[in-house]
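Participant:
In UniProt numbering, the protein residues as written are 1 to 418.
(1) When the Cα of residue 278 is compared with those of 323, 300, 201, 229, which residue comes out closest?
(2) If you pair each beta-carbon of the stretch 294-310 with each one of the stretch 331-345, do three or more pairs fall below 8 Å?
(3) Is residue 81 closer than 8 Å to residue 211 when the C-beta atoms are compared?
(4) Do you know offhand how far residue 225's Cα is from residue 84's?
(5) State the CB to CB distance for the pair residue 115 and residue 142, rounded to an integer number of angstroms; the pair is presumed to be in contact (CB under 8 Å).
(6) What do you get for residue 352, buried or exposed, if any count of 16 or more other CB atoms within 10 angstroms of its CB means buried?
(7) Applying the 10 Å Cβ sphere with the 16-neighbour rule, what's the burial state of residue 267?
(8) CA-CA distance, residue 153 and residue 104?
(9) Reducing DSSP to helix, strand and coil, say where residue 100 ends up.
(10) Is it buried or exposed for residue 26, if we count other Cβ within 10 angstroms and need 16 for buried?
(11) My output table needs one value for residue 257: the three-state DSSP class, helix, strand or coil.
(12) I'd like the ranges of any beta strand (DSSP E) spanning at least 3 consecutive residues and lying wholly in the UniProt domain "Aminotransferase class V" (305-411).
(13) Beta-carbon separation of residue 162 and residue 137 under 8 Å?
(14) Could you give the residue range of the alpha helix (DSSP H) that holds residue 159?
(15) Suppose the cutoff is 7 Å on Cβ atoms and the five residues either side in sequence are ignored; what does the same chain contact list for residue 150 look like?
(16) Pull up the distance between the alpha-carbon of residue 195 and that of residue 246, whole angstroms please.
(17) Taking 7 Å as the limit between beta carbons, can you name the residues of its chain near residue 297, skipping five residues before and five after?
(18) For residue 12, which residues does DSSP report across the bridge?
(19) Taking buried to mean at least 16 other C-beta atoms within 10 Å of its own C-beta, is residue 66 buried or exposed?
(20) Leaving out the 5 sequence neighbours to the left and right, which residues in its chain are closer than 6 Å to residue 374 when beta-carbon positions are compared?
(21) Are residue 48 and residue 270 closer than 8 Å when you measure CB to CB?
(22) So which of 198, 50, 184 has the shortest CA-CA distance to residue 130?
(23) Applying the 10 Å Cβ sphere with the 16-neighbour rule, what's the burial state of residue 214?
(24) Can the beta-carbon of residue 325 be found less than 8 Å from the beta-carbon of residue 187?
(25) What are the start and end residues of the beta strand (DSSP E) that includes residue 169?
(26) Exposed or buried, residue 377, counting other C-beta atoms within 10 Å across all chains shown (16 or more means buried)?
(27) Taking the C-alpha atoms as reference points, what is the distance between residue 200 and residue 220?
(28) Considering Cα atoms alone, identify which of 20, 61, 100 is closest to residue 128.
(29) Following the continuous beta strand (DSSP E) through residue 175, name the residue where it begins and the one where it ends.
(30) Go to residue 278, then tell me how far its beta strand (DSSP E) extends in each direction, as first and last residue.
(31) Could you work out which residue in 39, 222, 125 is closest to residue 77 when comparing CA atoms only?
(32) In chain order, which continuous runs of the beta strand (DSSP E) of length 3 or greater are located wholly inside the stretch 16-78?
(33) For residue 200, which three-state DSSP category applies?
(34) Any idea which residues DSSP pairs residue 434 with across the strands?
(35) Would you mind reading off the limits of the alpha helix (DSSP H) that contains residue 186?
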């Protein structure tokens, strides 16, 4: 296979090639908040309005095309996540909305005094739904802590939070604040050992690493396609027996079977068709740059596995370079895993503070230099408090595979001039 070529990939993304007002091409390091999309995704979204602008279920052509697009998208996401069935894939407005809906459905299984485990690493989309559920149903919330030195999950703290009253364990796969990849297979096993369900937030891992829900063993997984080069859309995987058993909130005429029972109201069919093109794009990455033997995988699932494995390796090298360069700048402190030998234990989301400068000040300065990124807490409220950064947060540089080493060098040059 060819060595990964970001320059070729960048040609497929229109927004990467539109100059800013200064005449320079902007640098997109805001990827954890939302990635750019290739032209094929833009075309797929527009195609719905041209050829399939109808609700599925009718006998006429546009309705049938719409239904086919929706079926294909469920199958495409099932392949990306290695779900057993396309019926285990649910589409919705976004991860937060889907997680609140899931929490309401799970309420029916819980009794006062039951316990929920959440972590101080998670985005609040995988915290607030469970805090509200606990508040509304007299449940007990247990918190798993982090290790401050490398911003990894404290597994001893996590294990101590579990008990025979634990019914739900909600953890993130990869941190949106510091990039840490959690040992989710072990977490799922520990949750199941006490009879709990494991809900996994994979919003930040899906763009960067291969995901196999069957191997991980999670009961539910949530992600958002606009974080992996697609349109704004939430995606939830759930084990079919749980999706079938749980009471979803739906209108009476809706079919009471998954996944439709969970897809409340009329969906964004244009966004759902964008998923088809997003997966096609990732398949093209696998066909051009993927390699490796993955026993048990074949067809599109194998190519997607190879694609994401290739991106993980490429981005690990870029993250190593970025962290090394940032640490060479006077006054900068990088949070999270920084050991080059451990780069595969993180995604390329790198956050830092700089002595003498507030994160918001740095963010504005970088924006003025056509470098786009986020500052603050990024809704990762608890980890910021835990690190003593709850007031101002950090500066977050989020790489994607279309970023380049030259862009990192430009960032460092601008920071050194601050």
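Just so you know, even glycine gets a beta-carbon here, dropped at the ideal spot from N, CA and C.
Note that the structure is a prediction, hence the values are computed from the model and not measured.
Facilitator: On the basis of the coordinates in this document:
(1) 229
(2) no
(3) yes
(4) 20 Å
(5) 6 Å
(6) Per the 10 Å Cβ criterion, buried.
(7) buried
(8) CA-CA distance, residue 153 to residue 104, rounds to 27 Å.
(9) helix
(10) Buried.
(11) coil
(12) Segments of the beta strand (DSSP E) lying fully in the UniProt domain "Aminotransferase class V" (305-411): 332-335, 349-354, 374-376, 394-398.
(13) Taking a C-beta distance under 8 Å as the contact criterion, residue 162 and residue 137 do not qualify as a contact pair.
(14) It spans 155-161 - the alpha helix (DSSP H) in which residue 159 sits, taken as one unbroken run.
(15) 336, 337
(16) 17 Å
(17) 305
(18) Bridge partners of residue 12: none, in fact.
(19) buried
(20) 30, 33, 396
(21) Result yes, Cβ atoms of residue 48 and residue 270 sit closer than 8 Å.
(22) 198
(23) Classification of residue 214: exposed, given that the 10 Å Cβ count is below 16.
(24) no
(25) 166-172
(26) buried
(27) Rounded to the nearest whole angstrom, the CA to CA distance from residue 200 to residue 220 is 6 Å.
(28) 100
(29) Here residue 175 belongs to no beta strand (DSSP E), and DSSP marks it neither H nor E.
(30) From DSSP, residue 278 is part of no beta strand (DSSP E) but of the alpha helix (DSSP H) over 269-289.
(31) Residue nearest to residue 77 within the set 39, 222, 125 is 222 (criterion: CA-CA distance).
(32) none
(33) If DSSP states are grouped into helix, strand and coil, residue 200 belongs with the strands.
(34) Residue 434 falls outside the range modelled here, since the chain spans only 1 to 418, and no answer is possible.
(35) 184-193
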